[in-house]
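Below is one structure, written out as structure tokens; comments come after it.
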Amino acid sequence: MSIELTKGERFNLSKETSDFSKIAIALGWQVSQTAQNCDIDASVFMLGADGRIPDEKYFIFYNNLTSPDGAVRHSGDSRNGQVEGDDETVYLDLSKINSAIQEIVFVVTLHEGQEKNQSFSQVTNAFIRLYNSETGNELVRYNLNQIFSQETALEFGRLYRKNGEWRFQAVGQGYNAGLQSFVDKYYVENAVDKSSNAGEKVDDAEVLRRFSDRVDKQLQEKAARESVANPVNADNLEADKDVDDSVKDVDDSVSKNQEFAITAEEFLRRYNQGERDFTGINLAGVDLSGKTLEYPISFSQANLSNANLSNAKLVKANLIGANLQGANLKSTNLQQADLIQANFSGAN
Numbered sequence: 010m011s012i013e014l015t016k017g018e019r020f021n022l023s024k025e026t027s028d029f030s031k032i033a034i035a036l037g038w039q040v041s042q043t044a045q046n047c048d049i050d051a052s053v054f055m056l057g058a059d060g061r062i063p064d065e066k067y068f069i070f071y072n073n074l075t076s077p078d079g080a081v082r083h084s085g086d087s088r089n090g091q092v093e094g095d096d097e098t099v100y101l102d103l104s105k106i107n108s109a110i111q112e113i114v115f116v117v118t119l120h121e122g123q124e125k126n127q128s129f130s131q132v133t134n135a136f137i138r139l140y141n142s143e144t145g146n147e148l149v150r151y152n153l154n155q156i157f158s159q160e161t162a163l164e165f166g167r168l169y170r171k172n173g174e175w176r177f178q179a180v181g182q183g184y185n186a187g188l189q190s191f192v193d194k195y196y197v198e199n200a201v202d203k204s205s206n207a208g209e210k211v212d213d214a215e216v217l218r219r220f221s222d223r224v225d226k227q228l229q230e231k232a233a234r235e236s237v238a239n240p241v242n243a244d245n246l247e248a249d250k251d252v253d254d255s256v257k258d259v260d261d262s263v264s265k266n267q268e269f270a271i272t273a274e275e276f277l278r279r280y281n282q283g284e285r286d287f288t289g290i291n292l293a294g295v296d297l298s299g300k301t302l303e304y305p306i307s308f309s310q311a312n313l314s315n316a317n318l319s320n321a322k323l324v325k326a327n328l329i330g331a332n333l334q335g336a337n338l339k340s341t342n343l344q345q346a347d348l349i350q351a352n353f354s355g356a357n
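Under our numbering, the residues of the sequence shown are numbered 10 to 357, in order.
Here it is in structure tokens:
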């Protein structure tokens, strides 16, 4: 049975649903007969603990449909909102979300709304709903009942982590501004070059073009680096056949979801707040020497390469598939720890 929220209300996915890993956030709207050229776009900002996107690729929109961790996928642009029901959908796998991401904000903007003298007063029956993408069962819905006479941008809802749990909030905050206002609020430093003329208005198309160009450039540079580091030749192909499949699986699973290493301070802050599941976390090079980490704690598929764990106590820790390559394990207490498929190559 779906729960209908009002503005500001929250829904705890972890407590209210037994299986909430694969979900979808659907947004829908209809435009009035007087605004048939109204183009509405849904965008997603994936934010770190500092309230900013950690990288341009964590700004998801119609020209960057998938997040780099593979956890968020945008259905693409619906230009007119003439069909009843869902117009644009964002699919999420919460189990894949990068550990650096703490909040996911869902934004709807009127493309060039200010230039066209349009506003959300011309939009009706707008809603955001959250449902189980595997069963189709709707869990929660927020119908936008407020009247927006001038606003051209809307922060519709947000998913956020709190005490290790995922929660959803109906926001419904309107802005008399374009997409640039959200970029200014959530941007990563230098992600979008600001104009030398502070009074210059940057339209939505230009904002998205700049992000698209930067994302494309980053992907091209990454591909170039990988091609240099891993040249394809007959010797490499033959060598790959000799690599044990289980080791390759470990390396792949560790690398897929890890983008940003967190510091020891950030890890300990989360640990001291009661968090114990650090599955897939990137702790490359972290210094946890001498620390006692109480059972139960999970570092399954975590990247602990070159970490300093000397004299640390990890009794009964879950280290299944963890990458401990080059780690300092001098006098580390791993009594009864689960080390299946863990990578200890080069570890001390």
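Ideal placement from N, C-alpha and C gives every residue a C-beta, glycine not left out.
- Residue 318 carries a coil assignment under DSSP once its states are collapsed to helix, strand and coil.
- Between residue 188 and residue 113, the C-beta spacing is not below 8 angstroms.
- With a cut-off of 8 angstroms on Cβ pairs, the region 130-143 is not in contact with the region 315-331, counting fewer than three such pairs.
- Under the 10 Å beta carbon count, residue 349 is surrounded by fewer than 16 other beta carbons and is classified as exposed.
- The secondary-structure analysis by DSSP pairs residue 172 with nothing; it has no beta-bridge partner.
- Taking every protein chain shown into account, the CB of residue 77 has 16 or more other CB atoms within 10 angstroms, so this residue is buried.
- Below 8 angstroms, enough C-beta pairs join the region 51-60 and the region 97-112 to call them touching: three or more.
- Between residue 298 and residue 270, the C-beta spacing is not below 8 angstroms.
- Per DSSP, residue 327 is not a residue of any beta strand (DSSP E), being assigned neither H nor E.
- When secondary structure is reduced to three states using DSSP, residue 148 falls in the strand class.
- Look at the beta carbons and you see the region 324-342 touching the region 287-305: at least three pairs across the two are nearer than 8 angstroms.
- Here residue 295 carries a coil assignment [DSSP, helix/strand/coil].
- Residue 352 is classed as buried because its beta carbon has at least 16 other beta carbons within 10 Å across all chains shown.
- Bounds of any beta strand (DSSP E) do not take in residue 24; it lies within the alpha helix (DSSP H) bounded by 22-25.
- DSSP places residue 101 within a strand segment (E or B) once states are collapsed to three.
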